[in-house]
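Visitor:
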Amino acid sequence: MSIIIALVVFGVLVAVHEFGHFAVAKLSGIKVNKFAIGMGPILFKHTRGETEYSLRLLPIGGFCAMEGEDDESNDERAFRNKSVGKRIAVVVAGAIMNLILGFIISVIVTTMMDKVPQNKIGIFKENSSSEAAGLRLGDELLEVNGLSIFTDYDISYQLSNDEDGVCDLLVKRDGQEIELNDVPFYDKIYYYVDDSVKGDEKYVEFDSKEEYTGTKELKEAYKINLKLSYEDPKTVGSVISYSFRNTISYARLIWISLIDLVRGKYGINDLSGPVGIVSAIDQVKEYGAEEVLKLVMLITLNLGIFNLLPLPALDGGRLVFLIIEAIRRKPIPAEKEGMVHFIGMALLMVLMVIVMISDVKKLFS
Numbered sequence: 001m002s003i004i005i006a007l008v009v010f011g012v013l014v015a016v017h018e019f020g021h022f023a024v025a026k027l028s029g030i031k032v033n034k035f036a037i038g039m040g041p042i043l044f045k046h047t048r049g050e051t052e053y054s055l056r057l058l059p060i061g062g063f064c065a066m067e068g069e070d071d072e073s074n075d076e077r078a079f080r081n082k083s084v085g086k087r088i089a090v091v092v093a094g095a096i097m098n099l100i101l102g103f104i105i106s107v108i109v110t111t112m113m114d115k116v117p118q119n120k121i122g123i124f125k126e127n128s129s130s131e132a133a134g135l136r137l138g139d140e141l142l143e144v145n146g147l148s149i150f151t152d153y154d155i156s157y158q159l160s161n162d163e164d165g166v167c168d169l170l171v172k173r174d175g176q177e178i179e180l181n182d183v184p185f186y187d188k189i190y191y192y193v194d195d196s197v198k199g200d201e202k203y204v205e206f207d208s209k210e211e212y213t214g215t216k217e218l219k220e221a222y223k224i225n226l227k228l229s230y231e232d233p234k235t236v237g238s239v240i241s242y243s244f245r246n247t248i249s250y251a252r253l254i255w256i257s258l259i260d261l262v263r264g265k266y267g268i269n270d271l272s273g274p275v276g277i278v279s280a281i282d283q284v285k286e287y288g289a290e291e292v293l294k295l296v297m298l299i300t301l302n303l304g305i306f307n308l309l310p311l312p313a314l315d316g317g318r319l320v321f322l323i324i325e326a327i328r329r330k331p332i333p334a335e336k337e338g339m340v341h342f343i344g345m346a347l348l349m350v351l352m353v354i355v356m357i358s359d360v361k362k363l364f365s
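Take the sequence shown: its letters are residues 1 to 365, numbered as in my numbering.
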């Protein structure tokens, strides 16, 4: 089932991306020779008008092959014979379609929620250390450790990456922005496990050891000492607003991860390809459709942002050549640009193979 879901996800995301290129190319009067979903051997093809449409064996990509894209062509409808503005529009259209799809999925996920989360403090645990540090009910979290807060997901992200759970905050209270330093988000609790009960209710918690008079062994843990408020009932405006902010939040997380990758915080083993995504889907599908959709949203935003990186063979690489052409008012020879993209594609395929091998090893580790 996870493989089937993954194949559908890959197919839809690639189709959406390539359709962006295809649609803008057609609108710009550019001749499209081939439109393919997948790579490698052809499983099915159909020619309609001037374009060959095909479905291919390997679900790891796709392409929209335009006349004169990587070589010279005398056809007035060739890609390189159109204005720089039109070519830029065609190049970025695929990534933009992925970002739009991410927003649409975010709207669907938010609609599935019972309530829309707010960035305001709704409830404090009794004797909460965060309240003692100066946080108040109704405070809106604007920044946590310097990170601007768009949604509750940003708060969770910052807390998960903080070593001690003690954070510097910027909050909005009664229309005023207030800085709060060294605010602890976790308090120590004591608990035992009641095996006769299922779910989270089997964890019986106490604020102190003295509260428990039984004979079971108490264990220690740290638990977040507050909860955010929710907008209930939902409105169309709150759904759209949260969905938009959530899309920005996910996109920023991807960008931060890419920067961390360049800085060396993550290595090749931390990357995932199709095999790793199948494994991830297998894990999250147990939690329901909402979690699967969140993962799909993350993947489509990742695809859109990654494709805009200024690397050869990617849309961002082609965009760099177009910007250079616009500045120098002279195109770079097609054969030279084509060679750069060819080398870039070869290196990208090598990276994909390495990541796939790494993913397979993780399955058996």
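Ideal Cβ placement from N, Cα and C applies to all residues, glycine included.
The model shown is predicted, which means the values in this text are computed figures rather than measured ones.
Assign Thr151 to one of three DSSP states: helix, strand, or coil.
Guide: Reduced to three states, the DSSP call for Thr151 is coil.
Visitor: Who are the near neighbours of Glu69 in its chain, counting only those whose CB is closer than 6 Å to its CB and skipping five residues on each side?
Guide: So the qualifying residues of the chain are Phe79.
Visitor: Taking the CB atoms as reference points, tell me whether Val32 and Met1 lie closer together than 8 Å.
Guide: Their beta carbons are not under 8 Å apart, which means Val32 does not touch Met1 by this criterion.
Visitor: For a test of the three-state rule: what should DSSP assign to Thr51, helix, strand or coil?
Guide: Reduced to three states, the DSSP call for Thr51 is strand.
Visitor: Quick one: residues in its chain with C-beta nearer than 7 Å to the C-beta of Leu43, no 5 flanking neighbours on either side, listed in chain order?
Guide: Cβ within range, chain order: Leu55, Arg56, Leu57.
Visitor: Taking only runs of the alpha helix (DSSP H) that begin and end inside the stretch 76 to 145, which ones reach a length of at least 4 residues, in chain order?
Guide: Entirely contained in the stretch 76 to 145, the alpha helix (DSSP H) runs reaching 4 residues are, in chain order, 84 to 112, 129 to 132.
Visitor: Provide the residue span of the beta strand (DSSP E) that contains Leu363, from first to last.
Guide: Premise fails: Leu363 lies in the alpha helix (DSSP H), 334 to 363, not in any beta strand (DSSP E).
Visitor: For the beta strand (DSSP E) that contains Leu180, what are its first and last residues?
Guide: Here the beta strand (DSSP E) through Leu180 covers 176 to 184.
Visitor: Find out if the Cβ-Cβ distance for the pair Glu150, Ser249 is shorter than 8 Å.
Guide: What sits at residue 150 in the sequence shown is Phe, not Glu. Against a cut-off of 8 Å, the Cβ pair of Ser249 and Phe150 comes out as a contact.
Visitor: Considering only C-alpha positions, which residue in the set Tyr190, Pro233, Leu226, Lys234 is nearest to Tyr214?
Guide: According to the sequence shown, residue 214 is Gly rather than Tyr. Closest option to Gly214, Cα to Cα, is Tyr190.
Visitor: Determine, using beta carbons only, whether Gly304 and Gly102 come nearer to each other than 8 Å.
Guide: Yes, the Cβ-Cβ distance between Gly304 and Gly102 is below 8 Å.
Visitor: I'd like the list of long-range same chain contacts for Gln118, defined as Cβ closer than 7 Å, with 5 residues on each side in sequence excluded.
Guide: Here the set comprises Leu228, Ser229, Tyr230, Glu231.
Visitor: List the endpoints of the continuous beta strand (DSSP E) containing Ala221.
Guide: That run of the beta strand (DSSP E) goes 219 to 224.
Visitor: Who does Glu205 pair with in a DSSP beta bridge?
Guide: Glu205 is bridged to Tyr191.
Visitor: What is the C-beta distance between Gly11 and Pro59, in whole angstroms, given that I count them as a contact (C-beta under 8 Å)?
Guide: That belief holds up - the Cβ atoms of Gly11 and Pro59 are roughly 6 Å apart, short of 8 Å.
Visitor: So, Val296 versus Ile105, is the Cβ gap smaller than 8 Å?
Guide: Yes. Within cutoff.
Visitor: Is DSSP giving Ser28 helix, strand or coil here?
Guide: It is coil, neither helix nor strand.
Visitor: For the beta strand (DSSP E) that Leu169 lies in, which residues bound it at each end?
Guide: That run of the beta strand (DSSP E) goes 166 to 173.
Visitor: Is the Cβ-Cβ distance between Leu170 and Glu143 less than 8 Å?
Guide: Cβ distance < 8 Å, so Leu170 and Glu143 count as in contact.
Visitor: Starting from the N-terminal side, write out each stretch of the alpha helix (DSSP H) that is 4 residues or longer and does not extend beyond the stretch 268 to 332.
Guide: Runs found: 274 to 284, 289 to 307, 315 to 328.
Visitor: Would Gly62 and Glu18 be called neighbours here (beta carbons separated by less than 8 Å)?
Guide: Yes, these two residues count as a Cβ contact at 8 Å.
Visitor: Taking the straight line between their C-alpha atoms, what separation do you get for Ala6 and Lys34?
Guide: Rounded to whole angstroms, Ala6 to Lys34 spans 25 Å at the Cα level.
Visitor: Which partner residues does Lys34 have in the DSSP bridge list?
Guide: Glu52, Ala65.
Visitor: With Asp260 as the anchor, note down where its alpha helix (DSSP H) starts and where it stops.
Guide: Taken as a continuous stretch (DSSP letters only), the alpha helix (DSSP H) holding Asp260 covers 236 to 263.
Visitor: Please return the same chain residues whose Cβ sits closer than 7 Å to the Cβ of Lys120, not counting the five positions on each side in sequence.
Guide: So the qualifying residues of the chain are Gly138, Asp139, Glu140, Leu228, Ser229.
Visitor: Would you check if the stretch 124 to 134 and the stretch 329 to 338 touch, i.e. whether three or more CB-CB distances between them fall below 8 Å?
Guide: Segments in contact, no.
Visitor: Could you pull out every residue in the same chain whose Cβ sits closer than 7 Å to the Cβ of Leu309, ignoring the five residues on either side in sequence?
Guide: So the list reads Gly316, once near-sequence residues are dropped.
Visitor: Check Gly214 in the structure and name its three-state DSSP category.
Guide: Three-state result, Gly214: coil.
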